[in-house]
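K.L.:
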Amino acid sequence: MEQQMQLALEIDLSAASLQNQVFRQIHGLIVSGRLKPGARLPGTRALSEQLGVSRNTIILAYETLTSEGYLESREGAGTYVSTTLPDNSLSVASVSNQNATYQKPVHLFVPVADDAKRSVAPSEIVCDFALESTDPACFPRSVWRRLTNWRMQSSKFNLTYSGTPKGLRDLRETLAAYLGASRGISCNPDQIVIVTGVQQALNVAAHLFVRAGTTVAMEAPGCGTTADLFRAYGAHIAPVPVDQSGIVVRHLPQSRNGVAFVTSARQYPMGVMLSASRRDILLGWADQTDSHIVEVDFDTEIRYQGSPPPPLKSLDTYGRVVYVGSFAASIGPGLRVGYMVLPPHLVNPAVHAASLLDHGFPCTGVPWLEQAVLNDFIETGAFEKHLRKIRKTYMARRDCLILALQKHIGSVQINPVHCGTHLVWELPPDLPSAVELQTLMLRQQVGVYTLRDKNIGDADYLENCDRYLLLGFAALSEPAIEEGISRLAKVL
1 MEQQMQLALE
11 IDLSAASLQN
21 QVFRQIHGLI
31 VSGRLKPGAR
41 LPGTRALSEQ
51 LGVSRNTIIL
61 AYETLTSEGY
71 LESREGAGTY
81 VSTTLPDNSL
91 SVASVSNQNA
101 TYQKPVHLFV
111 PVADDAKRSV
121 APSEIVCDFA
131 LESTDPACFP
141 RSVWRRLTNW
151 RMQSSKFNLT
161 YSGTPKGLRD
171 LRETLAAYLG
181 ASRGISCNPD
191 QIVIVTGVQQ
201 ALNVAAHLFV
211 RAGTTVAMEA
221 PGCGTTADLF
231 RAYGAHIAPV
241 PVDQSGIVVR
251 HLPQSRNGVA
261 FVTSARQYPM
271 GVMLSASRRD
281 ILLGWADQTD
291 SHIVEVDFDT
301 EIRYQGSPPP
311 PLKSLDTYGR
321 VVYVGSFAAS
331 IGPGLRVGYM
341 VLPPHLVNPA
351 VHAASLLDHG
361 FPCTGVPWLE
371 QAVLNDFIET
381 GAFEKHLRKI
391 RKTYMARRDC
401 LILALQKHIG
411 SVQINPVHCG
421 THLVWELPPD
431 LPSAVELQTL
441 MLRQQVGVYT
451 LRDKNIGDAD
461 YLENCDRYLL
471 LGFAALSEPA
481 IEEGISRLAK
491 VL
């Protein structure tokens, strides 16, 4: 039997003319657009029981609405809102819709990223060199499905189990071992807190360290949305320039109790690596100024040659570094699992802060099943096998992109791409600026990116910032890359 909806009607049984109340309220739902044309109404018996009035009252109200053209009765099927409403209802509906969509001006505490700043409309793009992108076809579906089924069949937990505050113990133990072997980070499972991704980790860090007026040093150019996040907590943002050796440490602010946000292994968006000498200086700065470092490890696992540089966390003897990682680049952004590695004294405050961002009580926001499957994926060696596969695939696409640029453009100056999923092309003086190229390429239905795009902040701290074009390659096939660069050549 078809389930009948209940209508949002409120009848005053002590007032006169119950029939008129039912008529007016259903009429109001129809002309306001809340009851759409063709919507089925409850049967007269069901509605009379809902409202506590006689069935005859409902019948008479329905008959009046039908005679005026608002309802129609279909033999053997029930009563429906008319598909063609009376003309006089249109003006009423129009006024109602205007009232419904009116918005009082909002005075934001902090400005948010302006969509107009980005001139690339995704719906118009057929070849998108998007940053921070992955290829869904590379997702290990069969292995993930098998591990998920195994966990669901063999788990001792209730499938709706909300989890523990720090995250699944098995996963934290596996991550501690993995980070020790692959990144040289010495930590125990109790120092790891599972979060829903980098964004939640940054919110937790802001809860821990940022108060009104706290100075937060940000790489410039750097992640503009992260700067917006810290501003929302009242931070004063201090942009620090970036060069070929990473963040220029001599420009770090000297205020006490501050924060530095860094992407040391592969700086976003320029792709450079923080030098060893600057790592030491940065750690010393944190200790001397009683500050903390939030280190986000972007796509280090997507490495094509050599060993990854040691993260600041592995060198930290002062207890000043919070290390943040996720699986967005290696597995996919749809897997909302990230983690924080914290100094021991910050673990409990971080767990409390994370709970405020989830359900308001002590549990991780990541479903335990996803954590369990990810644990098995890493522990069984399937993750390493997957990494080898995507490194090979993405490296071929990186090489294809570089060769296509050389073939169609000629000699090109590109920042080294030892890891990651995008490259930075420094445009020669005879070509248009990056923003002009972006506009020209949009007409070719190709998406390319610049340091002026909305996710990137403080571009002006980099000399000739408008001469850099950013090209992601992970989500594009080699033929698509060739086609996109061919279209680029046509506009030059």
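All residue numbers for the sequence shown refer to the UniProt record's numbering, where the first residue is 1 and numbers rise by one. Backbone N, C-alpha and C define an ideal beta-carbon position, used for all residues, glycine too.
How many whole angstroms separate the CB atoms of Phe209 and His292, which I take to be in contact at a CB cut-off of 8 Å?
P.N.:
Correct: roughly 5 Å between the Cβ atoms.
K.L.:
Give me the Cα-Cα distance between Gly271 and Arg145, rounded to the nearest whole angstrom.
P.N.:
Computed Cα separation, rounded: 34 Å.
K.L.:
With DSSP as the reference, label Val366 as helix, strand or coil.
P.N.:
Reduced to three states, the DSSP call for Val366 is coil.
K.L.:
Could I get the ranges of all uninterrupted beta strand (DSSP E) runs contained in the segment 171-199, with 3 residues as the minimum, in chain order?
P.N.:
Runs found: 192-195.
K.L.:
In whole angstroms, what separates the C-alpha of Gly258 from that of Ala353?
P.N.:
About 19 Å.
K.L.:
Nearest to Asp135 by alpha carbon, out of Ile485, Ala480 and Ala489?
P.N.:
Of the candidates Ile485, Ala480 and Ala489, the one whose C-alpha sits nearest the C-alpha of Asp135 is Ala480.
K.L.:
State yes or no: is the C-beta of Val324 within less than 8 Å of the C-beta of Glu301?
P.N.:
It is not a contact, given that the beta carbons lie outside the stated cut-off.
K.L.:
Using the beta-carbon count (16 or more within 10 Å), is Asp128 buried or exposed?
P.N.:
By the 10 Å Cβ count, Asp128 comes out buried.
K.L.:
What distance in whole Å lies between the Cβ atoms of Gly184 and Gly213, which are believed to be in contact at a cut-off of 8 Å?
P.N.:
In fact, because the Cβ distance is near 36 Å, the residues do not count as touching under 8 Å.
K.L.:
Please tell me whether residue 493 and Ala176 are closer than 8 Å, where the distance is taken between their beta carbons.
P.N.:
Since the first and last residues shown for the chain are 1 and 492, residue 493 lies out of range.
K.L.:
Assign Arg74 to one of three DSSP states: helix, strand, or coil.
P.N.:
The answer is strand: DSSP assigns Arg74 an E or B state.
K.L.:
Gly365 and Gln200 - do their beta-carbons sit closer together than 8 Å?
P.N.:
Yes, the pair counts as a contact, with Cβ atoms nearer than the cut-off.
K.L.:
Which of the three DSSP states, helix, strand or coil, is assigned to Ile331?
P.N.:
Here Ile331 sits in coil by DSSP.
K.L.:
To the nearest angstrom, how far is the alpha carbon of Phe298 from that of Ala382?
P.N.:
The straight-line gap from Cα to Cα measures roughly 21 Å.
K.L.:
Is it true that the CB of Leu171 sits closer than 8 Å to the CB of Asn348?
P.N.:
The answer is no: Cβ separation not under 8 Å.
K.L.:
Cβ of Met218 within 8 Å of Cβ of Val240?
P.N.:
Cβ distance < 8 Å, so Met218 and Val240 count as in contact.
K.L.:
Can we say the segment 392-401 touches the segment 433-446, given the rule of at least three CB pairs closer than 8 Å?
P.N.:
Counting Cβ pairs under 8 Å, fewer than three are found: no touch.
K.L.:
Consult DSSP for Pro241 and reduce its assignment to one of helix, strand or coil.
P.N.:
Strand at Pro241.
K.L.:
According to DSSP, is Val22 part of a helix, a strand, or is it coil?
P.N.:
In this structure, Val22 counts as helix in the three-state DSSP scheme.
K.L.:
So Leu282 and Ser330 are in contact, right, with Cβ under 8 Å, and what is the actual spacing, rounded?
P.N.:
No, Leu282 and Ser330 are not in contact; Cβ-Cβ is about 26 Å, not under 8 Å.
K.L.:
For Gln244, does the count of other Cβ atoms within 10 angstroms reach 16, so buried, or fall short, so exposed?
P.N.:
Looking at its Cβ environment, which holds fewer than 16 other Cβ atoms inside 10 Å, Gln244 is exposed.
K.L.:
Beta-carbon separation of Gln444 and Lys407 under 8 Å?
P.N.:
Not a contact, by the Cβ cut-off of 8 Å.
K.L.:
Since I believe Arg279 is in contact with Leu315 (beta carbons under 8 Å), could you give me their beta-carbon distance rounded to a whole number of angstroms?
P.N.:
With a Cβ gap of about 6 Å, Leu315 and Arg279 count as contacting.
K.L.:
Are Ile192 and Tyr339 closer than 8 Å when you measure CB to CB?
P.N.:
Yes. Within cutoff.
K.L.:
Out of Gly43, Leu7, Arg231 and Val412, which one is the CA nearest neighbour of Glu75?
P.N.:
Comparing Cα positions, the closest option is Gly43.
K.L.:
Would the beta-carbon of Pro221 fall within 8 Å of that of Ala265?
P.N.:
Their beta carbons are not under 8 Å apart, which means Pro221 does not touch Ala265 by this criterion.
K.L.:
With which residues is Thr215 paired in a DSSP beta bridge?
P.N.:
Paired residues: His236.
K.L.:
How far does the alpha helix (DSSP H) with Gly484 in it reach, from first residue to last?
P.N.:
Start and end: Glu478 to Val491.
K.L.:
Could you tell me whether the Cβ of Lys385 comes closer than 8 Å to any Cβ of chain D?
P.N.:
Going by chain labels, chain D is absent from the structure shown, which holds only one protein chain.
K.L.:
Could you check the C-alpha separation between residue 494 and Thr57 for me, to the nearest Å?
P.N.:
It is not possible to answer for residue 494, since the shown part of the chain is limited to 1 through 492.
K.L.:
Name the two residues that bound the continuous beta strand (DSSP E) containing Ala260.
P.N.:
First-last of the beta strand (DSSP E) with Ala260: Val259 to Val262.
K.L.:
Suppose the cutoff is 8 Å on Cβ atoms and the five residues either side in sequence are ignored; what does the same chain contact list for Leu488 look like?
P.N.:
Same-chain partners within the cutoff: His408, Ile409, Leu437, Met441, Gln444, Val446 and Val448.
K.L.:
So what does DSSP say about Gly284, is it helix, strand or coil?
P.N.:
Correct three-state label for Gly284: helix.
K.L.:
How would you call Asp458, buried or exposed, if buried means at least 16 neighbouring beta carbons within 10 angstroms?
P.N.:
Classification for Asp458: buried.
K.L.:
Just to confirm the assignment, what range does the beta strand (DSSP E) spanning Ser32 have?
P.N.:
Taken as a continuous stretch (DSSP letters only), Ser32 belongs to no beta strand (DSSP E), as it is neither H nor E.
K.L.:
Excluding the five sequence neighbours on either side, which residues of its own chain have a C-beta within less than 6 Å of the C-beta of Thr148, listed in chain order?
P.N.:
Answer for Thr148: Val373, listed in chain order.
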